[in-house]
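Enquirer: Residue numbers (the numbering used here): 57 to 330.
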Amino acid sequence: MPSPDDLRTGARATGTAAEAPAVSVREVTHRYGRGADAVTALGPLSLDVPAGAFLVLVGPSGSGKSTLLRLIAGFERPSSGEVAVHGGTPEPGRQAGVVFQQPRLFPWRTVGENISLALRYAGVPRAERPERVEELLERVGLAGTARRRTWQISGGQQQRVAIARALAGGKDLLLLNEPFAALDALTRERLQEDLRTVSSRTGITSVFVTHSVDEAVFLSTRAVVLSFGPGTVALDVAIDLPRTGDEDPDGLRGLPGYAALRAEIGAAVRDAAR
Ligand code: ADP
57 MPSPDDLRTG
67 ARATGTAAEA
77 PAVSVREVTH
87 RYGRGADAVT
97 ALGPLSLDVP
107 AGAFLVLVGP
117 SGSGKSTLLR
127 LIAGFERPSS
137 GEVAVHGGTP
147 EPGRQAGVVF
157 QQPRLFPWRT
167 VGENISLALR
177 YAGVPRAERP
187 ERVEELLERV
197 GLAGTARRRT
207 WQISGGQQQR
217 VAIARALAGG
227 KDLLLLNEPF
237 AALDALTRER
247 LQEDLRTVSS
257 RTGITSVFVT
267 HSVDEAVFLS
277 TRAVVLSFGP
287 GTVALDVAID
297 LPRTGDEDPD
307 GLRGLPGYAA
317 LRAEIGAAVR
327 DAAR
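Listed below in structure tokens is the structure:
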């Protein structure tokens, strides 16, 4: 039983068992198409994402990772079973901020205007928006870039703006579909480090899709490997690594536990692809 103090002091960030999960997926299946052309992409699959968790979905292409993310975002409805976000039916744009592989910024707007628009949709008064834009840009390592055009910044910076825009909505759930896959290796590592820090410090719940086993171990508090079509849970493992937001990334990657988790998840992904 949680004490009243536990409830007051924001157990949300630690995701205690006493609390309802941020995301609940119950016996879900998903089919695309009808009749002879129907493809069962997913399930049956059940999983809970506790508030404050950083869950990474990892698995081979076609294992239903994007489908599961779309169901949680409310872009699709399951063919059977139930998906709930904070106990309710997910609706696009309502409960979660979403980040895609491509930044999808408005090219005719400045960096700041792209974020300001999201703040407007979130109901933030106009007078407060410039300060909030600066705060969000600072949080993703882009302080002072508000006046730049989106085409004047690099692909990695654009993706940082996309993350800031997703955070601008003030939602406590972030859904990310291979957001770093199109970036060069060095930029990708930097963004992983910054996203890990943002997640550790804010306690925002995240569900992140990737092909990369290393990315899964580095970013997550829990990794779920999906098996190849229709996707089901092949492995569900807690990533019990230090997470204060101040870790040295190289030190983290050098931990013996890190290598062991990489090996375990890598083997499961290889098996899942067979
Ligand atoms: P992943 O993200 O793991 O690569 P997806 O969720 O994209 O997997 O796809 C899972 C399966 O569903 C694949 O067989 C894919 O071809 C199929 N699929 C995905 N989207 C559609 C769609 N819009 N129409 C028909 N089939 C689809």
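Beta carbons: idealized from backbone N, C-alpha and C, even for Gly.
For E187, which residues in the same chain have their Cβ closer than 8 Å to its Cβ, ignoring the five residues on either side in sequence?
Expert: Result list for E187: empty, nothing under 8 Å.
Enquirer: Pull up the distance between the alpha-carbon of R176 and that of A319, whole angstroms please.
Expert: If I take the Cα positions, the gap works out to 45 Å.
Enquirer: With 16 other CB atoms within 10 Å as the buried threshold, where does P312 fall?
Expert: That one is exposed.
Enquirer: Using CA coordinates, which residue listed in G120, V105, F110, G108 is at the minimum distance from H86?
Expert: Ranking the options by Cα distance to H86, first place goes to G120.
Enquirer: Closest to A218 by CA distance: which of L231, L161, A152, Y314 is it?
Expert: If we check each option's Cα against that of A218, L161 comes out closest.
Enquirer: How many angstroms separate the CA atom of A140 from the CA atom of R299?
Expert: Using only the alpha carbons, I get a separation of about 27 Å.
Enquirer: Using beta-carbon positions only, say whether R221 and I295 come within less than 7 Å of one another.
Expert: No, the Cβ-Cβ distance between R221 and I295 is not below 7 Å.
Enquirer: For the ligand ADP, is there a heavy atom less than 6 Å away from the beta-carbon of T85?
Expert: T85 Cβ: outside cutoff for every heavy atom of the ligand ADP.
Enquirer: Answer yes or no: the CB of S119 versus the heavy atoms of the ligand ADP, is any distance below 6 Å?
Expert: Answer for S119: yes, Cβ within range of the ligand ADP.
Enquirer: Taking 6 Å as the limit between beta carbons, can you name the residues of its chain near F156, skipping five residues before and five after?
Expert: Correct list, in chain order: N233.
Enquirer: For G89, which residues from the same chain have a beta carbon less than 7 Å from its beta carbon, with the 5 sequence-adjacent residues on both sides left out?
Expert: Contacts found: V95.
Enquirer: Going by beta carbon distance, what residues of the same chain come within less than 7 Å of A324, once the five residues before and after it are set aside?
Expert: For A324, where only same-chain residues beyond five positions count, the Cβ hits under 7 Å are V281, A290, L291.
Enquirer: Report the residue from P286, G212, E271 whose alpha carbon sits nearest the alpha carbon of V112.
Expert: The candidate whose alpha carbon is nearest that of V112 is E271.
Enquirer: In whole angstroms, what separates the C-alpha of G287 from that of R203?
Expert: Using only the alpha carbons, I get a separation of about 44 Å.
Enquirer: Does the beta-carbon of A238, which I'm using as the reference point, lie nearer than 6 Å to any heavy atom of the ligand GDP?
Expert: Looking at this structure, you won't find the ligand GDP anywhere; what it does contain is the ligand ADP.
Enquirer: Along the beta strand (DSSP E) that carries T85, what are the first and last residues, could you check?
Expert: Taken as a continuous stretch (DSSP letters only), the beta strand (DSSP E) holding T85 covers 79-88.
Enquirer: Residue range of the alpha helix (DSSP H) that T14 falls in?
Expert: No answer is possible for residue 14: the residues shown for the chain start at 57 and end at 330.
Enquirer: In the DSSP output, what is F156 paired with across the bridge?
Expert: According to DSSP, F156 bridges with nothing at all.
Enquirer: Could you tell me which of L317, L275, A315, G322 sits nearest to G301, measuring between CA atoms?
Expert: Per the Cα distances, L275.
Enquirer: To the nearest angstrom, how far is the alpha carbon of E83 from that of T201?
Expert: Spanning the two alpha carbons is a distance of roughly 45 Å.
Enquirer: Under 7 Å between the Cβ atoms of P134 and L125?
Expert: Not in contact: P134 and L125 (Cβ atoms no closer than 7 Å).
Enquirer: What are the uninterrupted segments assigned as beta strand (DSSP E) that are 3 or more residues long and contained completely in the region 94-150, given in chain order?
Expert: Complete beta strand (DSSP E) runs here, min 3: 95-105, 110-114, 136-141.
Enquirer: Have a look at the DSSP bridge pairing and note the partners of A319.
Expert: DSSP lists no partner for A319.
Enquirer: Using the C-alpha atoms, what's the distance from L297 back to F284?
Expert: Looking at the two C-alpha atoms, the distance is approximately 28 Å.
Enquirer: In this structure, does DSSP put D304 in helix, strand or coil?
Expert: Here D304 sits in coil by DSSP.
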